[in-house]
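For the sequence shown, position 199 (counting from the first letter as 1) is numbered 199 according to full-length UniProt numbering, and the numbering increases by one without interruption.
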Amino acid sequence: MLRDITIGQYFPGNSIVHKMDPRAKIIVGLIYIFILFAASNFLSLLSGVAFIIGAIILSGVSLKLLKKSIDPMIPLLGISLIFNIFLTDGNVLWKIGFLKITDRGVWAAIFMCIRLVCLVIGTYIFTYTTSIMQITHGLEQLLNPLNKLNFPVQEIAMTMTIALRFIPTLVEEADKIISAQKARGADMDSGSIIKRVKSRIPILIPLFMASFQRADELTLAMSCRCYDSKNTRTYLEKLKYKKYDLFLFITTGVTGALVIYINTIIPKVFY
């Protein structure tokens with residue numbers, strides 16, 4: 001399961017999404033989050049689903065990889081299903097004791113799961129097609145006007161990208177520790193969910209120690225390269241918007257306008 005968490009990893013490619021400006025992808029990503037949460041009925045949500053399907057096709061990311069990426073989200077999706085099914089009012093379909101399943105609860109659960117899956121897939125596509133250097137450069141350029149207000153733009157951009165990059169590193173370390181524990185006879189895969197969770201508690205201390213060691217190595221590497229966030233950074237290639245980025249902005253704008261229009265003509269379904 002841990003090996004399926006691939007967020008933060010970059011897969012080089014030559015697709016249209018790979019060639020897009022990182023600033024455009026960051027801006028569109030934020031707008032897409034707004035689109036997903038602004039959708040209040042299935043028809044408007046369908047616009048967001050169509051957008052992410054187009055992104056999958058243009059990015060060249062394999063469906064098998066995306067499926068593996070979604071697998072770790074199944075527990076979260078299950079919790080969302082339970083809460084929406086049992087806590088949403090509506091016409092009662094089934095009842096036992098104080099628990100009841102309503103028609104609106106079922107539809108709300110499906111609606112929320114689709115929204116979360118689209119959000120997760122969009123995040124993975126962004127990290128799969130955008131390198132750490134591109135993310136850092138894009139964030140610095142977007143936040144550059146804040147430099148006039150003495151806002152630590154470079155520090156914020158570097159911190160965010162390092163945090164994103166550390167996710168696969170921590171997953172790799174956790175997987176190594178679990179494999180070592182299993183080699184010593186630890187049973188982590190049998191029993192109830194609570195038992196399996198408790199069996200993983202002993203890996204926390206070595207995981208923290210490994211994280212601090214990796215952070216110390218990264219600090220040393222940056223110091224050896226004379227990294228100083230206070231100095232103005234230069235880049236070999238300057239970011240320039242291309243025709244792909246214009247296409248992306250237009251598509252996102254049309255999708256957002258379509259969602260707003262559908263929301264105005266069709267009432268909210270659940271909330």
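We put the beta carbon where it would ideally sit given N, CA and C, even for glycine.
Every alpha helix (DSSP H) stretch that sits fully inside the region 40-98 and reaches 4 residues is listed by chain position as 42-59, 63-70, 74-87. Bounds of any alpha helix (DSSP H) do not take in Ala186, whose DSSP letter is neither H nor E. Using a Cβ distance threshold of 8 Å, Ala174 and Leu218 do not count as a contacting pair. Ile31 has its alpha-carbon roughly 15 Å from the corresponding atom of Ser44.
Residue state for Thr102 is assigned as strand, using DSSP reduced to three classes.
At a Cβ-Cβ threshold of 8 Å, Lys100 and Trp94 count as neighbours. Spatial neighbours of Arg23 in its own chain (CB-CB distance under 7 Å, excluding positions within 5 residues in sequence) are listed in chain order as Gly138, Gln141, Leu142, Leu239. Pairing Asp103 with Asn84 gives a Cβ-Cβ distance that is not under 8 Å. In the same chain as Gly29, and ignoring 5 residues on each side of it, the C-beta atoms closer than 7 Å to its own belong to Gly122, Phe126, in chain order. Using a Cβ distance threshold of 8 Å, Leu258 and Ser47 count as a contacting pair. Around Leu58, the same chain offers Ser15, Ile16, Val17 as residues with beta carbons nearer than 8 Å, after the five sequence neighbours per side are excluded.
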